[in-house]
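Asker: Going by our numbering, the sequence shown runs without a break in its numbering and finishes at 75.
Even for Gly, the Cβ is constructed at its ideal location relative to N, Cα and C.
Since the structure is predicted, the reported quantities are computational estimates derived from the model, not experimental observations.
Could you have a look at this structure, given as structure tokens, before my questions?
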Amino acid sequence: MEEHKKNPCIRCDVSQCRHNLCTEHYCTLDSISVGTHEEDPTVPECTDCNSFVRRSGGCE
Ligand code: SF4
């Protein structure tokens with residue numbers, strides 16, 4: 016099984032992401048890339064984690 020070590024600096028609830036330690040709600044990457052799909056972002060919903068990768072299985 017792939018080793019997953021949580022990054023305590025990046026809390027994340029996106030359990031559908033391969034990089035998410037869904038039992039603890041943290042990201043396991045050393046760093047992430049955040050962007051936006053809006054021209055003039057005004058609320059959190061305007062931003063995206065561009066490091067997201069769809070998980071193929073369920074939450075381990
Ligand atoms: S890559 Fe982004 S979406 Fe995926 S667990 Fe990390 S912070 Fe969450």
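1) Can you tell me the Cα-Cα spacing of P23 and P56, whole angstroms?
2) I'd like to confirm something about C24: is its beta-carbon nearer than 7 Å to some heavy atom of the ligand SF4, or not?
3) Closer than 6 Å is what we want: which residues have a beta carbon that near any heavy atom of the ligand SF4? List them in chain order.
4) Put C74 into one of helix, strand or coil per three-state DSSP.
5) Roughly how many angstroms separate the alpha carbons of T51 and C32, rounded to a whole number?
Answerer: In this structure, then:
1) Position 8 of the sequence shown, counting from 1, holds the residue named residue 23. Position 41 of the sequence shown, counting from 1, holds the residue named residue 56. The straight-line gap from Cα to Cα measures roughly 26 Å.
2) Along the sequence shown, one-based indexing puts residue 24 at 9. Incorrect: C24 has no Cβ contact closer than 7 Å to the ligand SF4.
3) I25, C27, V29, C32, H34, N35, C42, L44, I47, C64, S66 and F67
4) Walking along the sequence shown from the start, residue 74 turns up at place 59. In this structure, C74 counts as coil in the three-state DSSP scheme.
5) Residue numbering aside, residue 51 sits at position 36 when the sequence shown is read from its first letter. Residue numbering aside, residue 32 sits at position 17 when the sequence shown is read from its first letter. T51 and C32: Cα-Cα distance of roughly 18 Å.
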